[in-house]
Every structure is written in C-alpha cells, then in structure tokens.
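The next block holds one structure in the form of structure tokens; read it before the comments.
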Amino acid sequence: MFSFSKSENFGQVYLANCVSSIVLVIVLLFPFASYSDQLETSENTKQYKLLVLGDSLSAAYGLTQEEGWVHLLQNAWTNANTPIDVVNGAISGDTTDGGLARLPRLLDLHKPTHLLIELGGNDALQGHNPKKIRSNIVDMVNIAKESNVAVMIQEMQIPTNYGRRYTTMFTDVFRSVAEDQEVPLIPFFLEEIALDKNLMQNDGIHPTAEAQPMIVEFMMPRLQALIIDTHL
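Sequential numbering from -15 applies to the sequence shown in my numbering.
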C-alpha cells in the first residue's frame, strides 16, 4: 500500500487541474477554429449563378438542348472548375414583353447572382416600337437590380432589309440602355457567324450546331471576366 504526503497530494491535484484547464481551452477554441475554416472554405468555393433570359438564339432553336451554346458554356465552365452555374431561361419566340413578365418568377425560383438579357430580336421582327423595347429592357434591369442581381445586356442586331432608320434605332436601344443604366454591353455574338451561310440554318436567322462552340468561344471569356474577374 502506497501513501502520499499532503504535499504530494497537492501536487497531483494541481497537475490534474492544469491538464483540465488546457483541455477546456482546447475544447472552447476548437469551434472557433472550425468556424474560421468554414469561412475560408466558403470563400474559396463561392458559386456564381448566371441566368440567361433569352429567345431562340439561346434556346438552341432547331437543335437539341445539348447542342446549344448555353449548355456547352456550362460544360466548359464545369470542365475548367469555374464556379459558375448557368440557368437557361431562354424561350424560342420570346420578346421583351415576355421576358419582363417572366423575370420576377425566374429570379425568385433560381436566385441568380447575374443576369444576361438576350432579348429584342423578335420584337424587331414583329415591328415593335424601339421605345417600347427600350422601356421593357430598362424595367428588366431595374427588377434585377432590386434583387441585387448584376445585369449584362446582349447587343442584338437585325437584317438590314428592315430599313436603315429602324435598324439604327433598334441597335441604339441596347447601347443607350447599357450607358444609362451603367451595365455592361456584350457585342452581338452572331456578328461574324451570320456572314457565313454554312454556319446558319436555312432560315438565315439561327446558327447551326457547328456555330454553337464558336459562340461559346466568343461569350465565355467576356462573361467570365464580368462575373468573376471584375466581381460585377
């Protein structure tokens, strides 16, 4: 049978208390360290979500969805580990009236961080007043801004057979809205492609499957620069 003196018992108790205090400090600090790690991980894996609000040019008209440039863009970003998700909200035949009506629900449903407005072509084909087109686009920009969604506008162009005056008024809509609303304007992605009949479908309006990767090549760096590099 071993026995300890009072001093020895005091030493054991003191040592035990020290160990307990150290363990308690570690336990208390661990959640803070864990939370810090979570914050860092969250920052490093921050996701962006791009909503494409467009018409047949973005809805893969005449093609399968997998062949369309929006789907191919998502694949390219996924393969490159770029933290951008793409939601295709394009509908063939849609106008700025339709886009304006659909936008609030799409924003509520998908919660995007960024919006690309690719509309107006069908308005022009139907002879809509450029002032009305402009008003609709401005309203869409304001609705998105109210939801803290960054906006980008896709420039649109129409064939010259609509007359020089109307064509000029139509094209000026996108530039003036972008300037007045202080949002980026992306050049028309078919400007070069439309000059090659082999890259256009028989209607002369919609690009072929072969043209879709070219659209991705044109759009991807521009969109990525605006979404990530400049933190639009």
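Every residue gets a Cβ at the ideal spot worked out from N, C-alpha and C, and that includes glycine.
These figures come from a predicted structure and were not determined experimentally.
Could you give the first and the last residue of the continuous beta strand (DSSP E) run that contains residue i?
i	result
Met184	Here Met184 belongs to no beta strand (DSSP E), and DSSP marks it neither H nor E.
Met204	Not the beta strand (DSSP E): Met204 falls in the alpha helix (DSSP H), residues Gln196 to Gln208.
Ala134	Ala134 to Gln138
Gly38	Tyr32 to Gly38
For residue i, name the three-state secondary structure that DSSP assigns.
i	result
Lys115	helix
Leu47	coil
Asp69	strand
Leu12	In this prediction, Leu12 has a pLDDT of 39, which is less than 50 and means its spatial position is unreliable; what the coordinates show is noted afterwards. Reduced to three states, the DSSP call for Leu12 is helix.
Asp164	helix
Gly83	helix
Ile212	helix
Gly77	coil
Which one of the options has the shortest CA to CA distance from residue i?
i	options	result
Gln217	Ala195, Glu166, Ile68 and Ala85	Nothing can be reported for residue 217, as the shown portion of the chain is limited to -15 through 216.
Pro197	Ser42, Leu56, His94 and Tyr146	Leu56
Gln138	Ala74, Ser131 and Leu90	Ala74
Gln110	Gln49, Thr80, Leu99 and Leu35	Thr80
Trp53	Ile127, Ala128, Val36 and Ala178	Val36
Measuring CB to CB, does residue i end up less than 9 Å from residue j?
i	j	result
Ile219	Gly188	Since the displayed the chain opens at -15 and closes at 216, residue 219 lies outside it and no answer follows.
Leu34	Ile211	yes
Looking at the ligand ADP, does it come within less than 8 Å of residue i, judged from the CB to the closest heavy atom?
i	result
Lys95	Here there are no bound small molecules, and the ligand ADP is not part of this structure.
Assuming residue i contacts residue j under a Cβ cut-off of 8 Å, what Cβ separation, rounded to an integer in Å, is found between them?
i	j	result
Ile121	Val161	5 Å
Ile142	Thr151	6 Å
Ile177	Leu169	Contact doesn't hold; Cβ gap of about 19 Å is too wide.
Leu91	Val133	6 Å
State the start and end residues of the unbroken alpha helix (DSSP H) segment that holds residue i.
i	result
His190	Here His190 belongs to no alpha helix (DSSP H), and DSSP marks it neither H nor E.
Consider the Cβ of residue i: report whether some Cβ of chain D lies at a distance smaller than 9 Å.
i	result
Asp123	Checking the listed chains, one finds no chain D in this structure; it contains a single protein chain.
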